[in-house]
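Data first, discussion second: the structure below is written as structure tokens.
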Amino acid sequence: MPHPSLLRRALVAAVAVPVVVGLAACAPSSKPQATTTASADPTKGLDQLTVGLNGSLSTLDVGQSGLLLTYYAAALTEQGLVGIDSTGKLTPALATSWKQTDDTTWVYELRDDASFSDGTPVTTDDVIFSINLDRDAKKSPSTAYYWPALKSVKATGDHEITIKLAAPSATFGWTPSSAAGLFVTSKKFYESSGTYGSAQKLVLGSGPYRVTEFAPDSHVTFERNTHYAGTAPKYKTVRFDFIPDANTRLLAFQQGSLDIALGVPVDQSKTWAATQGAQVKAVSDLSYQGLTIDPGVAPFDDAHVRRAVAQAVDKQSIVTGILKDDASVALGITAPAQLAVGVGQDAADAAVDSLPKTAFDLDAAKAELAKSSKPDGFSTTLTYPDSDANLGKVSLAIAESLKKIGIAVDVKEVPASTWSADLGNGKQGLSWMSYIPPVPTDWPSDWLLSAQNPAGYTNKEMASLTAAAATATDPQARVDDVMRATSLALEDGIYVPVYWGDSITAFGSRVTPRTYSSYYFLTDWTAALDATS
Amino acid sequence: MSVLAFVGRRVAALAAMLVVLSFLVFALLYLAPGDLVHSLLGARAVTPQAEAAIRAQYHLDDPFWVQYLRWLGAALHGDFGTSVRTGTPVAQMLEGRVGVTVTLAAIAGVLAVGVGVPLGVRAARRRGSFEDRAITSASVVGVSAPGFAVGLVLLYVFAVMLGWFPLYGVGDGGLDRLWHLALPAAALAVGVGALVVKVTRTAVLRELDQDYVTFARSRGLSGARVLRLYLRGAAVPIVTSVGLVLASLVGGSILVETTFALPGLGVLLADSITFKDVPVVQAVTLLLATFIGVTTAVVDLFANLADPRVRRAAVAR
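Those protein sequences? They're chains A and B, same order as listed.
With the first letter of the first sequence counted as 1, position 532 gets the number 554 in our numbering; the numbers rise by one all the way through.
With the first letter of the second sequence counted as 1, position 258 gets the number 840 in our numbering; the numbers rise by one all the way through.
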């Protein structure tokens, strides 16, 4: 039975893209490269801000659905103890200050004037209830992932909460933030009848906005929270419209129905930018896209084969040709934008630069394969998740290169759930790792270089470096350990990093973002969005 | 055969079909690749504890039969369970969506039949003329054009260039809802309507070749009376095929719902299948099957009433 979403994507890819890009190119509203940005007034707001999302929400509960878009909705309505700024650094939220008194103890001082959007005060009971809810793997499978084992969570004062961890953690600082694992809600509201996050019950938080209406797969409407303890938001209402089809989103944007549109496809970004007054911004989405080679599957157990594959992947052409430079060549596993949290961009770039590099060289790859157990080549398969159309094109380009050295690759699209369930099953010699972390401290290397890595690769030194990185309390020490572990895996040809992805967002003529970054929509972003006059 | 007995038999058959279908869909989802644990936790490291918690929560380690019978037992009591993907009761998730898809299919159905049948009759009556060729060619294009591509063209022309209709979404209910659903319904109706044109044309042509039409004309009956005669003859094949075609509207709505960003059953079904969200897939497929079952029953009933030959055959049985 053809998979409906596969069928849908195949059909859309085959027919719709050329049709509409062609149509849109001659749209009456588009003018060639009009990049006029009107002057912005940081205090001015709008009655309604409309955002077109490139996907759909079926629940507003982040604990239930860890999709990036669910985080974006929660960033408007719910707060953690801490929040993040545009560089990923921690900022006050429900806690005005916090300190780490020893390797495993964190003390948070809560603000005393915080209220939920229904006017009831945020109590330490609510915070502790929310912590226990969000780390419960049954009730919150998505956020529980970010919570390490705790020894205790207690109120140690009228407005003070102390969290004791079972073991030191390098990333715990970010865990109780609304960019990772904590969305404080009212205990009374959660326990009242109905499903938290559903269209019937909605959510209750203390963020700048409150949800007034949610129609799953259609839209969600937010209104200014009059009980918000921070600076009053500039926009009266914010509306998220779910428009999964990129062509429809483009037409809506050109028509001026959308102030912001997420998920501009790389091959359409020029058309989007041609809309009058539009700003199209690409920024690292922190994703890692690379090949995983399982050394337990013949003939990939041969290091020559693995090296030959690594040398035959032309990353630069993929980034320039297929991804139109809206991505960067991956030199390691965790993206520099993530490594930079805690150590700064320069240190992150230097760390990545220290990694061993494999140049694209088909002759060398051929020579390498000649030394292997399969000098005449072999055939294999490569599956990619249907959630990412770019991966399909990139897979075909890689297959084309590998064909030249005698390796025949059968490229197959599979549903994303099938792809993720097959990761690390020990049967695929060559597979894609597509890691899109919603959270600054969720590093793909934590998993890919651990003892339980999906490549089935055993390297004690690498695993112990990764374990040490997980508990390192010094950010630079964590980066150093991760880089050493990455080097070991790259030298052994276990991972072939291909690219670090970008997300492209279009801003319409009525608004302009300040401090736009990878983390923008996880911050209090409406405060950093100016209405143009 | 009385109408009551007919309805009774059809209801029993429908109930049996639903049980069989529920088993098949359950089995297919059970056998399909992918698993719920990864759907819920995403492509990242899964600790054995988290995996065990989820497997226990959704009884994934129970044998297939136990899982199916647990679902069937609850469903027979009217409890279709809770969506795994959203944690929301299935009945709540269907709320509102049924209205969107049914309204969409209904408008599309009215458009397809309202335009398709008259065009088909006209083409048949003007057989071989330019008008016939134009209608036939247009219907070939309509049948071949995929719904979402037609949707995009309609969007561009009527929403962007002319600005007569909204681009996407379902609006705020009432007339606004109808206004929002007009373009998607038209997109959906094009393919189906074209099929109706072809079926109608063929059925009417066959009747026109019958002797009774020639005799009726030679007896000097008026055009309108002759038309009524042969339309009645052509009604059975037209109604039967229209019934089947209407049932397919719901399936076709998936693509149109995606294009126009409509929160309907099609999108829900597609997403739930991908996620392996069994309770939702079961509820939606059974609902669609019931719709199709009822439509075909109504069509058969109509065919019985419309055609004395069929009526007699049924009685003779």
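The beta-carbon is built from N, C-alpha and C at its ideal position, and this holds for glycine as well.
None of the values given here were measured: they were computed from a predicted structure.
Task: Distance between Ala296 (chain A) and Thr57 (chain A) (C-alpha atoms, nearest Å) - done: Along the first sequence, read from residue 1 onward, the residue named residue 57 (chain A) stands at position 35. Along the first sequence, read from residue 1 onward, the residue named residue 296 (chain A) stands at position 274. Only weak support is given to the placement of Thr57 (chain A): the predicted model assigns it a pLDDT of 42, under 50, and the value that follows is read from those uncertain coordinates. Going by the C-alpha atoms only, they are around 8 Å apart.
Open item on the list: Let me check understanding here. Comparing Cα to Cα, which of A:Val206, A:Ser139, A:Val225 and A:Asp124 lies closest to Ile185 (chain A)?
Closed with: Taking the first sequence and counting its residues from 1, the one referred to as residue 185 (chain A) is at position 163. Ranking the options by Cα distance to Ile185 (chain A), first place goes to A:Asp124.
TODO: Grab me the residues of Ile340 (chain A)'s own chain with a C-beta within less than 6 Å of its C-beta, minus the 5 sequence neighbours each way, in chain order.
DONE: As a position in the first sequence, residue 340 (chain A) is number 318, starting the count at 1. Val416 and Ala419.
Task: Alpha carbon of Val319 (chain A) to alpha carbon of Asn269 (chain A), nearest angstrom - done: Within the first sequence, the letter at position 297 stands for residue 319 (chain A). Within the first sequence, the letter at position 247 stands for residue 269 (chain A). Going from the Cα of Val319 (chain A) to the Cα of Asn269 (chain A) covers about 41 Å.
Open item on the list: Tell me the residue span of the alpha helix (DSSP H) that contains Leu377 (chain A).
Closed with: Mapped onto the first sequence, residue 377 (chain A) falls at position 355. Segment: none, Leu377 (chain A) is in no alpha helix (DSSP H) and carries neither H nor E.
Task: Residue span of the alpha helix (DSSP H) that contains Trp465 (chain A), given as start and end - done: Taking the first sequence and counting its residues from 1, the one referred to as residue 465 (chain A) is at position 443. It is not in any alpha helix (DSSP H) - Trp465 (chain A) carries neither H nor E in the DSSP assignment.
TODO: Evaluate Leu744 (chain B) with the Cβ neighbour count: other Cβ atoms within 10 Å of its Cβ, from every protein chain shown; 16 or more gives buried, anything less gives exposed.
DONE: Position 162 of the second sequence, counted from the first residue, corresponds to residue 744 (chain B). The residue is exposed, with fewer than 16 neighbouring Cβ atoms inside 10 Å.
Task: Presumed contact (8 Å Cβ cut-off) between Val104 (chain A) and Ala115 (chain A), rounded CB distance - done: Position 82 of the first sequence, counted from the first residue, corresponds to residue 104 (chain A). Position 93 of the first sequence, counted from the first residue, corresponds to residue 115 (chain A). Right, their Cβ atoms sit about 5 Å apart.
Task: Where the alpha helix (DSSP H) containing Ser152 (chain A) begins and where it ends - done: Numbered from 1 along the first sequence, position 130 holds the residue referred to as residue 152 (chain A). Element bounds for Ser152 (chain A): Thr146 to Asp156.
Task: Contact list for the segment 469-494 of chain A against chain B, Cβ threshold 8 Å - done: Trp469, Ser472 and Gln474
Open item on the list: Cβ closer than 7 Å: which chain B residues qualify as neighbours of Gly88 (chain A)?
Closed with: Taking the first residue of the first sequence as 1, we reach residue 88 (chain A) at position 66. Within chain B, the residues near Gly88 (chain A) are Gly624.
Task: Per DSSP, the bridge partner or partners of Phe884 (chain B) - done: Counting from 1 along the second sequence, the entry for residue 884 (chain B) is found at position 302. DSSP output for Phe884 (chain B) lists no bridge partner at all.
Open item on the list: With a threshold of 8 Å on Cβ separation, who are the neighbours of Asp383 (chain A) within its own chain once the five nearest residues in sequence on each side are excluded?
Closed with: By one-based count along the first sequence, residue 383 (chain A) stands at place 361. Once the five neighbours on either side are set aside, the close Cβ partners of Asp383 (chain A) are Gln333.
Open item on the list: I'd like to confirm the pairing. Which residues does DSSP put opposite Val335 (chain A) in its beta bridges?
Closed with: By 1-based counting over the first sequence, the position of residue 335 (chain A) is 313. Per DSSP, none; premise fails for Val335 (chain A).
- [ ] Taking only the alpha-carbon atoms, compute the straight-line gap between Ser164 (chain A) and Tyr457 (chain A) and give it to the nearest angstrom.
- [x] The count along the first sequence starts at 1 and reaches residue 164 (chain A) at position 142. The count along the first sequence starts at 1 and reaches residue 457 (chain A) at position 435. Cα to Cα, the separation comes out at about 15 Å.
Task: Gly710 (chain B) Cβ short of 8 Å to the ligand SAH heavy atom set - done: In terms of ligand content, the structure shown is empty, and the ligand SAH therefore cannot be addressed.
Open item on the list: Quick check on this structure: which residue in A:Ile315, A:Gln70, A:Gln338 and A:Gly195 has the alpha carbon closest to the alpha carbon of Asn447 (chain A)?
Closed with: Residue mapping note: residue 447 (chain A) aligns to position 425 of the first sequence, counting from 1. The residue with the shortest Cα to Cα distance from Asn447 (chain A) is A:Ile315.
Open item on the list: Which residues does DSSP list as the beta-bridge partners of Phe264 (chain A)?
Closed with: Numbered from its first residue, the first sequence carries residue 264 (chain A) at position 242. DSSP output for Phe264 (chain A) lists A:Leu75 as bridge partner(s).
Open item on the list: Cutting at 6 Å between CB atoms, please list the residues of its own chain near Leu98 (chain A), excluding the five before and the five after it.
Closed with: Counting from one through the first sequence, the residue named residue 98 (chain A) turns up at place 76. Closer than 6 Å at the Cβ level, and outside the excluded window around Leu98 (chain A), lie Gly229, Tyr231 and Phe244.
Open item on the list: Suppose contacts are defined by Cβ-Cβ distances below 9 Å. Is His620 (chain B) in contact with Ala237 (chain A) by that definition?
Closed with: As a working mapping, residue 620 (chain B) is identified with position 38 in the second sequence. As a working mapping, residue 237 (chain A) is identified with position 215 in the first sequence. Against a cut-off of 9 Å, the Cβ pair of Ala237 (chain A) and His620 (chain B) comes out as no contact.
Open item on the list: Counting C-beta neighbours from all protein chains within 10 Å, is the total for Ala526 (chain B) 16 or more, i.e. buried, or is it exposed?
Closed with: Here chain B covers residues 583 to 899 and nothing more, so residue 526 (chain B) does not appear.
Open item on the list: Quick check on Pro845 (chain B) - is its C-beta less than 9 Å from some C-beta in chain A?
Closed with: Here residue 845 (chain B) is taken as the residue at index 263 of the second sequence, counted from 1. It does; some Cβ of chain A falls within 9 Å.
Task: Per-residue DSSP class, three states only, for Arg246 (chain A) - done: Looking up residue 246 (chain A) in the first sequence gives position 224. Arg246 (chain A) falls in the strand class under three-state DSSP.
TODO: List the residues of chain D that Pro671 (chain B) touches, going by C-beta distances under 8 Å, in chain order.
DONE: Protein chains A and B are contained in the structure displayed, whereas chain D is not.
Open item on the list: For chain A, check one thing: does any of its Cβ atoms lie closer than 9 Å to the Cβ of Tyr750 (chain B)?
Closed with: Counting from one through the second sequence, the residue named residue 750 (chain B) turns up at place 168. Taking Cβ atoms only, chain A reaches closer than 9 Å to Tyr750 (chain B), which makes this a yes.
Open item on the list: Assuming Tyr612 (chain B) is part of the alpha helix (DSSP H), what are its boundary residues?
Closed with: Here residue 612 (chain B) refers to the residue found at position 30 of the second sequence. Segment Val585 to Leu613, the alpha helix (DSSP H) holding Tyr612 (chain B).
Open item on the list: Please list, in chain order, the chain A residues whose beta carbon lies closer than 8 Å to that of Ser719 (chain B).
Closed with: Here residue 719 (chain B) refers to the residue found at position 137 of the second sequence. Under the 8 Å cutoff, chain A gives no residues; its nearest Cβ is about 20 Å from Ser719 (chain B).
Task: Three-state secondary structure assigned by DSSP to Leu404 (chain A) - done: Mapped onto the first sequence, residue 404 (chain A) falls at position 382. Correct three-state label for Leu404 (chain A): strand.
Open item on the list: Against Pro861 (chain B), what residues of chain A qualify as contacts under a CB-to-CB distance less than 9 Å, listed in chain order?
Closed with: On the second sequence, residue 861 (chain B) is found 279 positions in, with the first residue counted as 1. Within chain A, no residue comes near Pro861 (chain B); the closest Cβ sits about 13 Å away, beyond 9 Å.
- [ ] Please report the Cβ distance between Phe608 (chain B) and Val860 (chain B), rounded to the nearest whole angstrom; I am assuming they are in contact, meaning their Cβ atoms lie under 8 Å.
- [x] For the purposes of this step, residue 608 (chain B) is taken as the residue at position 26 of the second sequence. For the purposes of this step, residue 860 (chain B) is taken as the residue at position 278 of the second sequence. Contact flag correct, Cβ pair sits at about 7 Å.
Task: Under the three-state DSSP convention, the category Leu313 (chain A) falls into - done: Numbered from its first residue, the first sequence carries residue 313 (chain A) at position 291. Reduced to three states, the DSSP call for Leu313 (chain A) is strand.
- [ ] Kindly give me the distance between the Cβ atoms of Gly312 (chain A) and Val520 (chain A), rounded to whole angstroms, as I take these residues to be in contact under 8 Å.
- [x] Along the first sequence, one-based indexing puts residue 312 (chain A) at 290. Along the first sequence, one-based indexing puts residue 520 (chain A) at 498. Yes, they are in contact, since the Cβ atoms of Gly312 (chain A) and Val520 (chain A) sit about 5 Å apart, within 8 Å.
Task: Through-space distance from Lys256 (chain A) to Gly364 (chain A), alpha-carbon basis - done: Here residue 364 (chain A) is taken as the residue at index 342 of the first sequence, counted from 1. Here residue 256 (chain A) is taken as the residue at index 234 of the first sequence, counted from 1. Cα to Cα, Gly364 (chain A) sits roughly 31 Å from Lys256 (chain A).
Task: N- and C-terminal bounds of the beta strand (DSSP E) containing Lys186 (chain A) - done: The residue you call residue 186 (chain A) lines up with position 164 of the first sequence. Lys186 (chain A) -> beta strand (DSSP E) spans Glu182 to Leu187.
Open item on the list: Suppose you measure from the CA of Thr554 (chain A) to the CA of Val601 (chain B); what does that come to, to the nearest Å?
Closed with: The count along the first sequence starts at 1 and reaches residue 554 (chain A) at position 532. The count along the second sequence starts at 1 and reaches residue 601 (chain B) at position 19. Near 59 Å, if we compare the C-alpha coordinates of Val601 (chain B) and Thr554 (chain A).
Open item on the list: Cβ closer than 8 Å: which chain A residues qualify as neighbours of Ala868 (chain B)?
Closed with: Here residue 868 (chain B) is taken as the residue at index 286 of the second sequence, counted from 1. The identity of residue 868 (chain B) in the sequence shown is Leu, whereas the question assumes Ala. Simply none; closest approach about 17 Å.
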